[in-house]
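With the first letter of the sequence shown counted as 1, position 25 gets the number 11 in my numbering; the numbers rise by one all the way through.
The beta carbon of each residue, even a glycine, is placed where N, CA and C say it ideally should be.
Bear in mind that the values here come from a model prediction, so they are computed numbers and not experimental data.
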Amino acid sequence: MPTGIANNDPEQARRFRELALPHLDAVYTLARYLLRDAADADDAVQECYLRALKHFHTYQGPAIKPWLFAILRNVCNAEYARRAHAPSTGADELPENAEQAPLWHEAEETPEAAMVKQHDVGTIRRLIAGIAEPFRETLVLREIENLSYREISDVAEVPVGTVMSRLARARAMLRSAWLAEQEKTK
């Protein structure tokens, strides 16, 4: 049996903490987009990190983020399978305040600007949540998590060409949904 965290190796545990914990927010963000539910995302991230810790001796670096995303994706796919027959929440039914805080922080110039920005962030999150799963996953991994096409290919277990195609279609879907949303507010 390989030496590792399973054998209570403090050096492996320290290394795991240093490498994996900085990506906790990113893993949660992806889980939130994939599962569309904060409680399910919490559970998925916990399960992801438990699996990662248990199998850390198999990690071969250097980029741990795609490895964690691949584990999370497997956890989320298992959750999808578990609730396949359960009723799902539509994107229009998601409360906008259920999302986590924005991923960026800029100085707010005016209260009006803050309201517009908050509305836009909520709208974009809702629109992303409405994109079909393989396209949403690819869009989040590329545009929010900044993974390369190759890393997304490894996480999603699809060819790079498929990643590129899904990303182009996801961007087009998001753009179309955004324009339709803007037309509604005119």
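Thinking C-alpha only, which one of the options is nearest residue i?
{"i": "residue 50", "options": "38, 158 and -4", "result": "38"}
{"i": "residue 14", "options": "161, 46 and 130", "result": "130"}
{"i": "residue 125", "options": "168, 98 and 161", "result": "161"}
{"i": "residue 118", "options": "99, 135 and 152", "result": "152"}
{"i": "residue 9", "options": "-6, 32 and -5", "result": "32"}
In the DSSP assignment, the alpha helix (DSSP H) including residue i goes from what residue to what residue?
{"i": "residue 6", "result": "-4 to 6"}
{"i": "residue 152", "result": "146 to 170"}
{"i": "residue 184", "result": "Any answer about residue 184 is impossible in this case: the structure gives the chain only from -13 up to 172."}
{"i": "residue 35", "result": "24 to 40"}
{"i": "residue 135", "result": "135 to 142"}
Given residue i, which residues of its chain have a CB within under 7 Å of its CB, disregarding the five upstream and five downstream residues?
{"i": "residue 30", "result": "17, 21, 58, 61, 62 and 65"}
{"i": "residue 92", "result": "At residue 92 the pLDDT is 46, less than 50, meaning the model places this residue with poor confidence; the figure from the coordinates comes in the next sentence. The answer is none, since no qualifying residue turns up."}
{"i": "residue 5", "result": "50"}
Would you call residue i buried or exposed, if buried means 16 or more other Cβ atoms sit within 10 Å of its Cβ?
{"i": "residue 105", "result": "exposed"}
{"i": "residue 156", "result": "buried"}
{"i": "residue 27", "result": "buried"}
{"i": "residue 67", "result": "exposed"}
{"i": "residue 137", "result": "buried"}
With a CB to CB cut of under 8 Å and the five nearest residues on each side skipped, what residues in its chain are close to residue i?
{"i": "residue 141", "result": "52, 55, 56, 59, 127 and 133"}
{"i": "residue 84", "result": "Low local confidence applies: a pLDDT of 41 at residue 84 is under 50, so the model's placement there is unreliable, with the coordinate-based value given in what follows. Closer than 8 Å at the Cβ level, and outside the excluded window around residue 84, lie 24."}
{"i": "residue 114", "result": "19, 122, 125, 126 and 160"}
{"i": "residue 34", "result": "13, 17, 54, 57, 58 and 61"}
Excluding sequence positions up to five away, which residues of its chain have a Cβ less than 6 Å from the Cβ of residue i?
{"i": "residue 99", "result": "none"}
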